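Participant: Here's a structure for you.
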Amino acid sequence: MKLIFLEPDVVIAADMAETAREVFGQPEIRIVETIDDACAALAEDGATWSAMVLNGTTDELADARLRGLLEQSAVPAIVTTAGDLVELPAGWHALPMPFTSGDLATLLLRVVRPRRPDFDGAAPGPRGPVLDMSGLNGGDTGAPSAHPQPEVQAPLGLEAQARRLR
């Protein structure tokens, strides 16, 4: 499991990385602050990224090089801010605004799990097992979950996102 976070705000990046660790255990996470750094990571020889999480700023959405590398490598993108305001390219997924760590965890599981047949989702992370996804897509049996759900549902970096939008 390898994730790239394109996020110039270190507080937001740390929050999102922590959410990914709670869901997936110990994924390889690279936090980059610029489009150039994100493109360099995507273009590395032998790089097999599972997903990229980015803001969806006008610059990011308009950058043909970034879009081309994501498309060429078939790496899905998760857009955290402007995703609900613009039409996204195929393979890009929008989070609601504002979003919670639970929203991010759910979308990461939905986007990454189908691409990783070797990932069984049962490996315990530092805070216990991952989310029980049995209730998604109509599979809820009504039985109590064997895996505790994380209780973190506070808006993720909301103050920092509000500062950026001003």
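All residue numbers for the sequence shown refer to this note's numbering, where the first residue is 1 and numbers rise by one.
Just so you know, even glycine gets a beta-carbon here, dropped at the ideal spot from N, CA and C.
Predicted, not measured: the structure shown is a model, and the values here were computed from it.
(1) In whole angstroms, give me the CA-to-CA distance for D9 and A17.
(2) Should I31 and D59 be called a contact, given that it needs their Cβ atoms to be closer than 9 Å?
(3) For M52, which of helix, strand or coil comes out of DSSP?
(4) Can you tell me whether V11 is buried or exposed? The criterion is at least 16 other CB atoms within 10 Å of its CB, across all chains shown.
(5) What is the DSSP secondary structure of V10, counted as helix, strand or coil?
(6) Can you tell me the Cα-Cα spacing of L104 and E71, whole angstroms?
(7) On the three-state DSSP scale, how would you describe T58?
(8) So, helix, strand or coil for F99, using DSSP?
Facilitator: According to the structure data:
(1) 12 Å
(2) no
(3) strand
(4) exposed
(5) helix
(6) 21 Å
(7) helix
(8) coil
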